[in-house]
Amino acid sequence: MSILVNLIGVLLIAFIIWWFWLHKKQSEATIEGSSIDIIVDSGVYEPSVIHAKAGKEITLRFLRKDTNPCSEKVLFNDMDVSADLPIGKPYELTFTPEKKGEFEFTCQMAMYRGKLIVE
20 MSILVNLIGV LLIAFIIWWF WLHKKQSEAT IEGSSIDIIV DSGVYEPSVI
70 HAKAGKEITL RFLRKDTNPC SEKVLFNDMD VSADLPIGKP YELTFTPEKK
120 GEFEFTCQMA MYRGKLIVE
């Protein structure tokens, strides 16, 4: 019986690792104009990959549907940009990405993950 419990525990741990760090459910979008809507729900950002132009001000409009406490903050660590996201109300995060490159954005525990590609 203890072998079965241990096996279930190992499988559950493997699933959690796969879901939060290895699973790559990605959708891509390019910012048309100056803003884009991003849905925060079920452990993901949708779209999770966003293309923008360097030196052009952008507005990322986050709509948090997920009540998970991890989803309450979005961090762009390499850009020194962050925001607290309210539940059920759009939050507009406006900034100008100056450097070209790929910049990850995450929740505070890095379980929700996205990428801003600045060209």
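For the sequence shown, position 68 matches number 87 in the working numbering, and the numbering has no gaps at all. Glycine residues also receive a C-beta, built at the ideal position from the N, C-alpha and C atoms.
Per the DSSP calculation, serine 67 is bridged to which residue(s)?
Here the question's residue 67 lines up with position 48 in the sequence shown. Beta-bridge pairing links serine 67 to no other residue.
Kindly list the residues whose CB is nearer than 8 Å to the CB of glutamate 5, restricted to its own chain and excluding five residues on each side of it in sequence; keep chain order.
As displayed, the chain neither begins before 20 nor continues past 138, which places residue 5 out of reach and without an answer.
At what residues does the beta strand (DSSP E) containing glycine 120 begin and finish?
By one-based count along the sequence shown, residue 120 stands at place 101. In the DSSP annotation of this structure, the continuous segment of the beta strand (DSSP E) that includes glycine 120 starts and ends at 120 to 125.
Are the CB atoms of serine 54 and lysine 134 within a distance shorter than 8 Å?
By 1-based counting over the sequence shown, the position of residue 134 is 115. By 1-based counting over the sequence shown, the position of residue 54 is 35. Taking 8 Å as the Cβ cut-off, lysine 134 and serine 54 do not qualify as a contacting pair.
Isoleucine 35, enclosing alpha helix (DSSP H) - first and last residue
Reading the sequence shown from its first residue, position 16 is the one you call residue 35. Annotation: the continuous alpha helix (DSSP H) that includes isoleucine 35 extends over 21 to 36.
How many Å lie between alanine 33 and valine 24 at the Cα?
By one-based count along the sequence shown, residue 33 stands at place 14. By one-based count along the sequence shown, residue 24 stands at place 5. Between alanine 33 and valine 24, the alpha-carbon positions lie close to 14 Å from each other.
Would you list the residues sitting across from isoleucine 57 in a DSSP beta bridge?
Here residue 57 refers to the residue found at position 38 when the sequence shown is read from its first residue. Answer is Phe81, bridged to isoleucine 57.
Which partner residues of aspartate 103 appear in the DSSP bridge assignment?
To locate residue 103, count along the sequence shown from 1; it is residue 84. Per DSSP, the beta-bridge partners of aspartate 103 are Lys92.
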